[in-house]
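In the numbering used here, the protein residues as written are 98 to 411. Each remark here refers to the structure printed beneath this line.
Spelled out as structure tokens, the structure:
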């Protein structure tokens, strides 16, 4: 049995002293170095970067260099491709209109639609005295600019040249004057201020050689005299004659009548009668109580109106 089972050696076969050598294997030095080096935490980031780079669709172009498409850029591109011509909005269209174009367009709309015209008349602010007089002065400037150069300014030829602007200023006087008369305008000072300026405009109208052509100016004076008389009469009824008596309007009206060659006499007579009636009542009151401190007129003259009266010996 000893010849069949031989005792096993205590060492591995490759450690036995024999002349057989196992074939040598050559490993890359780099691989051995990396495998033998201990793994560090910063290697995780490198592995992730390597993974992302390997997953990139193009290994030569990084993701940061690729153009970023945002929703806004998509909308902008669609807007550019779908841009078409369109009309201006209403507010922009109105900005391009001149004052005359705007006025003409609004007048045409109001003529076609009376309901819109009534709404515009209600919503529009009331014209001031200065604004109305500025319009009259504008017509007056147009009249002066229409006269021909050289020759007589009162001839038939000159009248035919300026007839249209002359009619325009006369029509404007007929339209603007009633707006400042009672009962539409109840403030005496406002009415008188407009009438004063409008009468000065009539003074500047030309005088013609033909009596027939001069009738336009004469009729304008007559209408203006009636307007003055109406304002004076209504002011006296409301107790506002104090403005006529102490406002210097008697002197202004007398000056207008002189420049109109007496064509404003109706207004002058109305003012005299109103002021004379108030003056007579004042004289009667003064004769009855000449030193009455409770008299309103006496307080106005002495400058004590609105102050409290003393009672008794105090």
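A virtual CB, placed ideally from N, CA and C, is assigned to each residue, including glycine.
Among the options, nearest to residue i - alpha-carbon criterion
i: residue 283; options: 212, 334, 230; result: 334
i: residue 294; options: 223, 252, 353, 344; result: 353
i: residue 331; options: 313, 311, 370, 269; result: 370
i: residue 297; options: 309, 347, 317; result: 317
i: residue 321; options: 288, 184, 181; result: 288
i: residue 302; options: 237, 348, 344; result: 237
i: residue 242; options: 357, 258, 292, 254; result: 258
i: residue 366; options: 357, 350, 358; result: 350
i: residue 216; options: 239, 231, 207; result: 207
i: residue 359; options: 307, 292, 315; result: 315
i: residue 326; options: 209, 285, 309, 355; result: 285
i: residue 245; options: 231, 260, 204; result: 260
Residues near residue i by beta carbon distance below 7 Å, same chain, minus five either side
i: residue 383; result: The predicted position of residue 383 is uncertain, since its pLDDT is 45 and thus under 50; a value taken from the coordinates is nonetheless stated next. So no residue of the chain qualifies.
i: residue 305; result: 251, 256, 311
8 Å contact criterion, which residue i and residue j should meet: CB distance rounded
i: residue 229; j: residue 273; result: 5 Å
i: residue 233; j: residue 185; result: In fact, because the Cβ distance is near 36 Å, the residues do not count as touching under 8 Å.
i: residue 226; j: residue 278; result: That pair is no contact at about 13 Å.
i: residue 307; j: residue 253; result: 7 Å
i: residue 323; j: residue 355; result: Actually they are not in contact, since the Cβ atoms of residue 323 and residue 355 sit about 19 Å apart, beyond 8 Å.
Range covered by the alpha helix (DSSP H) that runs through residue i
i: residue 252; result: Segment: none, residue 252 is in no alpha helix (DSSP H) and carries neither H nor E.
i: residue 212; result: 211 to 220
i: residue 333; result: 308 to 334
i: residue 189; result: 187 to 193
i: residue 291; result: 285 to 300
i: residue 356; result: 346 to 356
i: residue 242; result: 226 to 242
Neighbourhood of residue i by C-beta distance below 8 Å, restricted to the same chain and skipping five residues each side
i: residue 281; result: 275
i: residue 191; result: 199
i: residue 372; result: 338, 341, 342, 347
i: residue 299; result: 270, 314, 317, 318, 321, 357
i: residue 361; result: 296, 318, 321, 322, 325, 350, 353, 354
i: residue 248; result: 254, 255
i: residue 213; result: 206, 207
Own chain partners of residue i with C-beta closer than 6 Å, once the 5 adjacent residues on each side are dropped
i: residue 239; result: 262
i: residue 412; result: Shown here, the chain extends from 98 to 411; a query on residue 412 therefore has no answer.
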